[in-house]
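*Asks:* When you number the sequence shown by my numbering, it's gap-free, plus one each residue, and the end is 864.
Where is the CB? At the ideal position from N, CA and C, for every residue including glycine.
Just so it is clear, the structure is predicted and the values come from calculations on it, not from any experiment.
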Amino acid sequence: MKTMSCLVAYISLFFNLQTWGQELDSAINILIPYIHALHSFSEYIPQEKVYLHFDNTSYYRDDNIWFKCYVVTSGQHQLSRLSKTLYVELLNPGGEIVDKRILKIENGQCHGNFTLNQLPFYSGFYEVRAYTKYMLDFGNDVIFSRLLPVFNKPKIDGNFEEKNMMRYGRYGAGNYPMKREKPLKEKKVNLRFFPEGGNIIQGITSRIAFEATDETGNPIDVAGTVMDETKQELCRFDSQHEGRGVFAYTPGAGKQKVIAEYSGKKYQFDLSPGLPQGFVMETDNLSHPDSIEIWLRKNSNTPAGMLGVVILNGGKLQSYCFVNIDEDEISFKMDKTQLPSGVSQIVLFNHNGEILCDRLIFTCRNELVDVKVRTGKPAYKPHELVNMELSITDRNANPVNTTFSLSVKDGMNEVECKDNILTDLLLMSEVRGYVRDPSYYFKTEDSARRAALDLLLMVQGWRRYPWKQMAGVEPLLLKYLPEQGIETHGKVVTMVRQTPKPNVNVSCFLLKKGDENEENVSFVDFFVTDSLGCFSFVSDVQGKWNMILAVTEKGKKKDHRVILDRLFSPEPKRYRYAEIQVNIAKENNENDEGLNEEEIPDDHFDEDLEPFRIAYDDSLAKAGISEKVHHLSAVTVSAKKRNKEHDIFNNRSTSIAYYDVRSEIDDIKDEGKYIGDDIHQLLVNMNPQFCIRRCGADECVLYKQKSPLFVINYERTEDSEIGNNAYKIIRLNAIKSIYINENLSVIYRYVDTRMTPLDVIDRYNCAVLIETYPEGQIPVDGAKGVRKTWLEGYSPVKEFYSPDYSVLPPESDYRRTLYWNPSVVSDVNGDAKIKFYNNSRCTKFSISAETVTSQGTIGIYKNE
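1. May I ask you to report which of helix, strand or coil DSSP gives HIS489?
2. Please report how far the alpha carbon of ASN285 lies from the alpha carbon of ALA448, in whole angstroms.
3. Going along the chain, which residues of its own chain have a beta-carbon closer than 6 Å to the beta-carbon of GLU571, five neighbours each way excluded?
4. Have a look at GLY368 and ASN396 and give me their C-alpha separation to the nearest angstrom.
5. Is GLY197 closer than 7 Å to ARG865 when the C-beta atoms are compared?
6. Looking at C-alpha atoms only, which residue of GLU127, LYS133, PHE144 is the closest neighbour of CYS69?
7. Could you give the distance in angstroms between the alpha-carbon of GLY472 and the alpha-carbon of ALA37?
8. For LEU317, does the three-state DSSP call read helix, strand or coil?
9. Between which two residues does the alpha helix (DSSP H) containing HIS560 stretch?
10. With 16 as the cutoff for other CB atoms within 10 Å, does SER536 come out buried or exposed?
11. Look at the alpha carbon of HIS383 and the alpha carbon of LYS704, and state the distance between them as a whole number of angstroms.
12. Would you identify the three-state DSSP class for ARG449, choosing helix, strand or coil?
13. According to the neighbour-count rule (16 or more other Cβ atoms, all chains shown, within 10 Å of its Cβ), is TRP462 buried or exposed?
14. Buried or exposed: which applies to GLY696, given that a residue is buried once 16 or more other Cβ atoms fall within 10 Å of its Cβ?
15. So for ILE858, helix, strand or coil by DSSP?
16. Mind pulling the alpha helix (DSSP H) runs of 4 or more residues that sit fully within the stretch 649–707?
17. Going by DSSP, what residue range makes up the alpha helix (DSSP H) through MET470?
18. Can you grab the Cα-Cα spacing for the pair GLU598 / SER123, in whole Å?
19. Can you give me the C-alpha to C-alpha distance between PHE568 and PHE332, rounded to a whole angstrom?
20. Taking GLY721 as the reference, which of ASP752, GLY830, LYS573, TYR44 has the closest Cα?
21. Can you tell me the Cα-Cα spacing of LEU119 and ASN651, whole angstroms?
22. If we cut at 7 Å on Cβ distances, does ILE730 have a partner in chain D?
23. With a 10 Å radius around its C-beta and 16 neighbouring C-beta atoms as the bar for buried, classify HIS111 as buried or exposed.
24. Between the Cα of PRO93 and the Cα atoms of VAL142, LYS84, MET135, VAL150, which residue gives the shortest distance?
25. I need the DSSP call for HIS288, collapsed to helix, strand or coil.
26. I'd like to know if the stretch 403–410 and the stretch 835–852 are in contact, where contact means that at least 3 CB-CB pairs between them fall below 8 Å.
27. For the alpha helix (DSSP H) that THR73 lies in, which residues bound it at each end?
28. Suppose contacts are defined by Cβ-Cβ distances below 7 Å. Is GLY782 in contact with LYS558 by that definition?
29. For PRO796, which of helix, strand or coil comes out of DSSP?
30. CA-CA distance, TRP820 and TYR434?
31. Buried or exposed, going by whether 16 or more other CB atoms sit within 10 Å of the CB of LYS468?
32. Need the endpoints of the alpha helix (DSSP H) that ARG167 sits in, please.
33. Relative to the C-alpha of MET227, which residue among PHE210, THR216, ALA260 is closest?
34. In angstroms with no decimal places, state the Cα-to-Cα distance between ASN324 and ILE220.
35. State the beta-bridge partners of ASP762 as determined by DSSP.
36. Looking at the unbroken alpha helix (DSSP H) that takes in GLU430, where does it start and where does it end?
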């Protein structure tokens, strides 16, 4: 084995290499352009990360979700000055976007909220994700995403021990729309293997990391043996932390088997056979405080040569060296004292810029700011004024003047959350997959945790940064640049063939939302399309605006189509069963209690099904099967008489889907589709459960292979040719919204009174509830060459409400978030003071403070 001390600076290394002759110089010159490309990439194409700090760890129906957004550059975690616009989306369990915020980023920060009052509503794990458009250039995996449990409202006010949640994927008797892929349920015992560096090479000793999980993806502890094809034992292994472990063995050309033992039973797995040639990289990041030791090995079948080794962090080149591998094994060290905190990537590459081996490591320079909180006394009385003091200092005890977000919660029945700004920015944003307890790796700097974190990076070593584009092997095509405001991009095309129209004039008129009077135009601008028919403009507006785009060519209106580029939301991610579980945080984290999901009971809908049951009995009697009907003794039923408003609310609440028709039509147009005034085309584009079929000489639409019942403004639909086809004559711009309801009682309420329940069951499986605009409020169609649409500006930001019991009488107060402030500012002494009133019963505060300073230093406080 050859051992060398590898200097990371190329200049120093170059003089040593000159003595090796002209041939080595030539080999190095081939590798140098990749180093230049890596340096240029990080300098000219910086990347962004987003982190959201939430006011709470779980929510109930009608709650507000408050959040603070931190947008940083990937390398040093400096508050980003690139993008000025952030998109934050709320997705329901089925993957539908039910709410969205467009926020103005100022000094890398912004904040907002969602209210969980959408109809229809179903509890479950909601996803909040946040991203800038620029982040989408690097793939959907780089966006911020967090799953939040949302429970049904407690039947008794303030009873937050009650945490009922709908089973994933079900709503009442029907399935709500599922846009995200369903979780994968695996085998009882799953064992996955991850060779260090990426390769298993014949005849070369390799370290293999492994991860053992159960059918839901939770870790399990296993022990096992590696055997060759002759059943000879090669090595033994045991899991070390969270089902992960590592073993070393020398593979042969044949197949190897792994026998793992779990809960007294044995399970067999195949281990990939070794490759006939290649390189193995072993890395030691734990033994030396100032350096990383690296071993490179090859077998006799692998040609020798000059290779490059680089260390990347945050998409930025940190150090590099060149190594000439002319023996079967070589070892060297690389300095790590200047590496930023977080995940770094070590890459071994060849003269073609191809990765031969790579490995993720973690370094921490302990640069956190220290946040301290003083609450004055250990507990407060109900409705008592709370005085809280906070102080922020750096590692040298110097005061830090910064802005931070602060949440104070009622610690009773709090759902456990093990993510925070530190774990997310330094670790979770750099690995893919579920990590059960990321905070574990940051609690102390002991050898056990460092070893466990090293194992995690061997197992979940996803590469966030695109090597081929960074090294210049392949070009990087940037679709989006960092936005500098509310950017609108569009294209003018011909009506039929969608041929781009260059050099045509586009006029833009903006009117405040709700003002349909075109004489009150608030903003006017004019553009000329480029050679590809494209145009764009930037605005700085708040709220939703009516937007009118008119196309003219040589002073004449042209019947061209305007397509806007605003359908960029990523696909919803697939949940993992391990992620959709809830643990209740208890004092000292003892005996975490898992929470099971429960289906919503039907009784809260207050449905009166007696008329349906009576009619159903009559139908059975007519069918000659009345002997199977058993009648109970007469009872007296008393209930409040329903009014139409009550029925409408229930119909909306029990629906499985809701559509804002104007927004849906806009999306269809932006996809480049033309549906005219055809409601059937609207339905099939909105919901894939609809399909169009020929019904004799006419056309009909089916929903899940049955006819839908079309209900207009909650009036009964007459079973006649006129009644059944009345929906077809409604112009699409007159329809305000559509609800899809599969509840049988709702369907029966609006069918012709002459129909029996068996007729209803046989013919219909949903009601399409159409709500139209009142007369006089129907939007007017655009004229020739005119597109009427909307421009969504920056979302208005609400202020968190906290009662003032110095002027208000005490009342039953069950607030779970007692205080939320996204922008608390510490003074020049690093101090901040806040005041708020306690709720009716809190005896233990759960406090969370998070920050990123202007220097890119992370700060966090979480009381245990």
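*Replies:* Put simply:
1. Strand.
2. Cα to Cα, the separation comes out at about 13 Å.
3. The answer is none, since no qualifying residue turns up.
4. A quick correction: the sequence has Leu, not Gly, at residue 368. CA-to-CA, the gap between LEU368 and ASN396 works out to about 11 Å.
5. With the chain running from 1 to 864 in the structure shown, residue 865 is simply not present.
6. For the residues GLU127, LYS133, PHE144, the minimum Cα distance to CYS69 belongs to PHE144.
7. If you draw a straight line from the Cα of GLY472 to the Cα of ALA37, it comes to about 6 Å.
8. The DSSP-derived three-state label of LEU317 is strand.
9. Membership of HIS560 in any alpha helix (DSSP H) is not indicated, and neither H nor E is assigned to it by DSSP.
10. In the assembly as shown, SER536 is an exposed residue. Its beta-carbon has fewer than 16 other beta-carbons within 10 Å.
11. Rounded to the nearest angstrom, the two C-alpha atoms are 54 Å apart.
12. Note: ARG449 maps to helix in three-state DSSP.
13. Classification of TRP462: exposed, given that the 10 Å Cβ count is below 16.
14. Burial call: exposed.
15. Reduced to three states, the DSSP call for ILE858 is strand.
16. Fully enclosed alpha helix (DSSP H) runs of 4 or longer: 661–670, 679–686.
17. For MET470, the enclosing alpha helix (DSSP H) starts and ends at 467–470.
18. Since pLDDT at GLU598 reaches only 39, below the 50 mark, its modelled position is unreliable, and no value is offered.
19. Straight across, the Cα-Cα distance linking PHE568 with PHE332 is about 46 Å.
20. Rather than Gly, the amino acid found at residue 721 in this sequence is Glu. Nearest of ASP752, GLY830, LYS573, TYR44 to GLU721, Cα basis: ASP752.
21. One Cα belongs to LEU119, the other to ASN651, and the distance between them is close to 10 Å.
22. Looking at the structure shown, chain D is missing, and only one protein chain is on hand.
23. With 16 or more Cβ atoms within 10 Å of its Cβ, HIS111 is classed as buried.
24. Per the C-alpha coordinates, the member of VAL142, LYS84, MET135, VAL150 positioned closest to PRO93 is VAL150.
25. Three-state result, HIS288: coil.
26. Verdict: yes, contact present.
27. Per DSSP, THR73 lies in no alpha helix (DSSP H) segment; the continuous beta strand (DSSP E) that holds it begins and ends at 64–73.
28. Cβ atoms of GLY782 and LYS558: not closer than 7 Å.
29. Looking at PRO796 - three-state DSSP - the assignment turns out to be coil, as it is neither helix nor strand.
30. Rounded to whole angstroms, the separation of the alpha carbons of TYR434 and TRP820 is 28 Å.
31. Around the beta-carbon of LYS468, fewer than 16 other beta-carbon atoms lie within 10 Å, marking it exposed.
32. That residue, ARG167, is in no alpha helix (DSSP H); it is neither H nor E in DSSP.
33. Checking every option, the nearest Cα to that of MET227 belongs to ALA260.
34. Looking at the two C-alpha atoms, the distance is approximately 42 Å.
35. None; ASP762 has no bridge partner.
36. Bounds of any alpha helix (DSSP H) do not take in GLU430, whose DSSP letter is neither H nor E.
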